[in-house]
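Notes for the one structure printed next.
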Ligand SMILES: C[S@@+](CC[C@H](N)C(=O)[O-])C[C@H]1O[C@@H](n2cnc3c(N)ncnc32)[C@H](O)[C@@H]1O
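Printed below as a string of structure tokens:
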């Protein structure tokens, strides 16, 4: 069988199995089988495949027909312009999650600006900082970013790459953490950090939400702005059951309990405890990704668990409510 014939055969099978973009997926999976680029495949249609290659390709097609996501078959997924290693222990990074990276970048730049008592100057500083991240700040403030439920590490690694290259000139001190309850997920996150050369910049910790930070005096909160990022499991069991495409991903990365917000409730309780313990005010931002259908419920939860906090809802690239930015007000 030649490359062209194999592609035709696979695309027909995928099409019959109601896979949305059969030709593209046939190419991606052949590229994985032959360890060659898609460009190579498309320009070497006459090349014959070895028997073992045909067998491997057919196996991948068979798995795809069982609705195993392409990213788990190729073991990679692109996120924020970077390639991430993925396997069945981690959630496949979603394009809509790039929003949390975008917003955290703006906030991190804003937070690192020195505090000023002149409100006009403060507004001007933050506008400039947002527009031009290369702005040289005098006395930049240290910023700590904590990615809770880091999974493949895609959020904190994408941020590390951006912050450390964009802001090198400002000499801002960033402390970066990735926390996950899954040991297997943390193995993948650490591998990804190494691939992207930020392994020495991010501390990955195993634990239940913010518990490792709360309970370890080593990470005592002081003299730093905090940005907590969370794309925690937020689906209900019914939503998971009704979606054939996501049921191959780890339940630990998907299930948010009965109403989808169990883990966010726990996280906000922990944050409340942190606020009381360290008297944190005006130096803490929390960014949470959620299901658009939960907009009302998450707002209510924030009102209940973090009284007085300011909330701003942001829409994703599909125009759906996807992110809430919570700011703890000054006293
Ligand atoms: C929806 S996935 C997000 C993964 C990654 N941050 C992303 O955006 O692609 C949620 C992650 O939270 C982790 N997780 C679930 N419960 C947790 C808990 N109690 N504490 C810390 N992490 C938890 C899961 O293991 C999973 O990796």
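Residue numbers (the working numbering): 333 to 663.
Think of the CB as a built atom: it goes at the ideal place given N, C-alpha and C, for glycine as much as any other residue.
This one's a predicted model, so the numbers in the text were calculated from it and none came from an experiment.
Assignment of beta-bridge partners to residue 571 by DSSP yields no partner. Taking 7 Å as the cut-off, the beta carbon of residue 557 is found no closer than this to the beta carbon of residue 528. Membership of residue 417 in the beta strand (DSSP E) is indicated by the continuous run 414-417. Taking each of 510, 398, 608 and 343 in turn and checking the Cα distance to residue 562, the smallest one comes out for 510. Considered as a whole, the region 373-411 harbours 408-411 as its complete beta strand (DSSP E) runs of no fewer than 3 residues, in chain order. By the criterion of a C-beta distance shorter than 7 Å, residue 516 is surrounded in its chain by 421, once the five residues flanking it on both sides are discounted.
Cα atoms of residue 547 and residue 438: separation of roughly 29 Å, rounded to the nearest angstrom. An exposed status is given to residue 608, since fewer than 16 other beta-carbon atoms sit within 10 Å of its beta-carbon.
Residue 644 sits in a strand when the DSSP states are folded into three classes. Residue 443 carries a helical assignment under DSSP once its states are collapsed to helix, strand and coil. For ligand 1, a non-hydrogen atom lies closer than 6 Å to the CB of residue 514. Pairing residue 612 with residue 641 gives a Cβ-Cβ distance that is not under 7 Å. Short of 7 Å from the beta carbon of residue 540, and not among the five residues preceding or following it, lie these beta carbons of its own chain, in chain order: 513. Proximity of the beta carbon of residue 486 to ligand 1 is indicated: a heavy atom of the ligand is located closer than 6 Å. Taken from the Cβ of residue 563, at least one heavy atom of ligand 1 lies inside 6 Å.
Ranked by how close their Cα comes to the Cα of residue 484, the residues 507, 414 and 654 have 414 in first place.
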